[in-house]
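Visitor:
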Amino acid sequence: MTGSEMTGTSLGRGMLLGRPSGFLKDGTADNEVTYGICMADLHISPISPWMVDIQEEVREYFSWEESSDIDSINSLIEYSSHPSTPPLWGKSGRQKVLTDIISQLNEDERLVVIIGAAVEHPDLEPLLSNSPILIACDGAVGVLDEVSPESWNLLAMVVSDADGLPYINKAAEMGITISLHAHGDNMDEWASLLNNWKDLPCPPSLFFTHQVHHNIDGAINLGGFTDGDRAVCMLLAFGVHIDRIKLIGFDSTIFGKWSGVSNPKRKREKLLWMKKILDNIGVDGWGGEK
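Letter by letter, the sequence shown follows residues 1046 to 1335 of my numbering.
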């Protein structure tokens, strides 16, 4: 697939995902998934093998090597086991964090709002009266400071590939759970973050995700590519019903104010891969406005 073959579009503001959990646009169902991703004794399966398989398509498109992704996740796991890092960052600590976040997401039927990089505070403010569970995609967590201090109390997790500075630091300082993603191009970034966070009075809880096509003990791969679509894949795999998930600030046509953009052309291409994944999951309502 070339960039010209992917057309940009945007997800309607506050569009609800509208299909039963575990079903994709092509009709694939949970019970057709033949493999799982495991972390020690905790078994979690992606909602479809396609969600993982597409990562190889992405690598081919950008001419990336999987070996770099493997090096990054293995280095992250090795880093977290060093005696100088907080005990909760070790393997058993990360497994407990993962178990806890899955329980938190499924303890009631509240709406789960995933906050994307194109979010603006008027998108979020009307939703807060019902106390939804908030999931922020990396730097988009900064919108909470524009809304209200109380909104931070609703934040369950930040999904990050380590480029959400400076906004992600506040979440880390508050001890918020962070799903930290390792790929071949972010080793310096995650190392810098963790070096700064490990000495915090209340370090963030962590679990790790990767984009390698085989199991990595101590991390999970539930599919997806960007922070936003990876968050959707993750929640569905965690058992959150698709009707409970609401996306705000997702747009494949613009660079959101909370998005780090060092290479505009590549960023635009990445957003179109996000669109492809969300379309396959069955996110309806892509139109001309956020």
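Even glycine gets a Cβ: it sits at the ideal position worked out from N, Cα and C.
1) Locate the beta strand (DSSP E) running through isoleucine 1290, then write down its first and last residues.
2) Using a Cβ-Cβ cutoff of less than 6 Å, which residues in the same chain neighbour threonine 1130 once the five nearest sequence positions on both sides are dropped?
3) DSSP has serine 1205 in a bridge; who is on the other side?
4) Taking the DSSP output, what are the residues bridged to phenylalanine 1252?
5) Please name the residue, chosen from His1286, Arg1313, Asn1260, Ile1287, that lies closest to isoleucine 1299 on a Cα-to-Cα basis.
6) Which residues does DSSP list as the beta-bridge partners of leucine 1200?
7) For leucine 1323, does the count of other Cβ atoms within 10 angstroms reach 16, so buried, or fall short, so exposed?
8) Can you tell me which of the three DSSP states histidine 1088 falls into?
9) Near isoleucine 1146, which residues of its chain fall below 7 Å by C-beta distance, leaving aside the five closest residues on each side in sequence?
10) Alpha carbon to alpha carbon, what distance is there between cysteine 1247 and valine 1142?
11) Using the DSSP secondary-structure output, state which residues sit across from isoleucine 1265 in a beta bridge.
12) Name the two residues that bound the continuous beta strand (DSSP E) containing isoleucine 1160.
13) At which residue ranges does the segment 1113-1168 contain complete beta strand (DSSP E) runs of 3 or more residues, listed in the order of the chain?
14) Return helix, strand or coil for valine 1186, following the three-state DSSP convention.
15) Compute the Euclidean distance between the alpha carbons of serine 1148 and leucine 1199, then round it to the nearest angstrom.
16) When burial is assigned at 16 or more other CB atoms within 10 Å of the CB, is phenylalanine 1340 buried or exposed?
17) Quick check: what's the CA-CA separation for proline 1167 versus glycine 1161?
18) Find the nearest neighbour of tryptophan 1235 within the set Val1103, Ser1120, Glu1105, judged by alpha-carbon distance.
19) Determine the burial state of methionine 1219: buried for a count of at least 16 other Cβ atoms within 10 Å of its Cβ, exposed for fewer.
20) Cutting at 6 Å between CB atoms, please list the residues of its own chain near methionine 1279, excluding the five before and the five after it.
21) Cβ atoms of leucine 1150 and proline 1177: under 8 Å apart, would you say?
22) Closest to histidine 1286 by CA distance: which of Gln1140, Arg1139, Val1186, Glu1152 is it?
Guide: Let's see:
1) Taking the first residue of the sequence shown as 1, we reach residue 1290 at position 245. Per DSSP, the unbroken beta strand (DSSP E) holding isoleucine 1290 starts and ends at 1290-1293.
2) By 1-based counting over the sequence shown, the position of residue 1130 is 85. The answer, listed in chain order, is Lys1243.
3) Start at 1 with the first residue of the sequence shown, and residue 1205 comes out as number 160. According to DSSP, serine 1205 bridges with Leu1225.
4) Taking the first residue of the sequence shown as position 1, residue 1252 is located at position 207. Answer is Ser1224.
5) Numbered from 1 along the sequence shown, position 254 holds the residue referred to as residue 1299. Nearest of His1286, Arg1313, Asn1260, Ile1287 to isoleucine 1299, Cα basis: Arg1313.
6) One-based indexing of the sequence shown puts residue 1200 at position 155. DSSP output for leucine 1200 lists Leu1179 as bridge partner(s).
7) As a first step, residue 1323 is located in the sequence shown; it is residue number 278 there, counting from the start. Answer is buried; the Cβ neighbour count reaches 16.
8) Counted from its first residue, the sequence shown places residue 1088 at position 43. The DSSP-derived three-state label of histidine 1088 is strand.
9) Position 101 of the sequence shown, counting from 1, holds the residue named residue 1146. Excluding positions up to five away in sequence, the list reads Ala1201, Met1202, Thr1222.
10) For this step, residue 1142 is matched to residue 97 along the sequence shown. For this step, residue 1247 is matched to residue 202 along the sequence shown. The alpha-carbon atoms of valine 1142 and cysteine 1247 are separated by roughly 14 Å.
11) Position 220 of the sequence shown, counted from the start, is the residue given in the question as residue 1265. DSSP lists Thr1254 as partners of isoleucine 1265.
12) Counted from its first residue, the sequence shown places residue 1160 at position 115. Residues 1157-1160.
13) 1157-1160
14) The residue you call residue 1186 lines up with position 141 of the sequence shown. Three-state DSSP puts valine 1186 in a helix.
15) Here residue 1148 refers to the residue found at position 103 of the sequence shown. Here residue 1199 refers to the residue found at position 154 of the sequence shown. So the two alpha carbons sit approximately 15 Å from each other.
16) No answer is possible for residue 1340: it lies beyond the span of the chain, which begins at 1046 and ends at 1335.
17) Start at 1 with the first residue of the sequence shown, and residue 1167 comes out as number 122. Start at 1 with the first residue of the sequence shown, and residue 1161 comes out as number 116. Their backbone Cα atoms lie some 13 Å apart in a straight line.
18) Translated into positions along the sequence shown, residue 1235 becomes position 190. When each option's Cα is compared against that of tryptophan 1235, the closest is Ser1120.
19) Translated into the one-based positions of the sequence shown, residue 1219 becomes position 174. Exposed: under 16 other Cβ atoms inside 10 Å.
20) If you number the sequence shown from 1, residue 1279 lands on position 234. For methionine 1279, where only same-chain residues beyond five positions count, the Cβ hits under 6 Å are Leu1267.
21) In the sequence shown, the residue the question calls residue 1177 occupies position 132. In the sequence shown, the residue the question calls residue 1150 occupies position 105. Not closer than 8 Å, so no.
22) If you number the sequence shown from 1, residue 1286 lands on position 241. Nearest C-alpha to histidine 1286 among Gln1140, Arg1139, Val1186, Glu1152: Glu1152.
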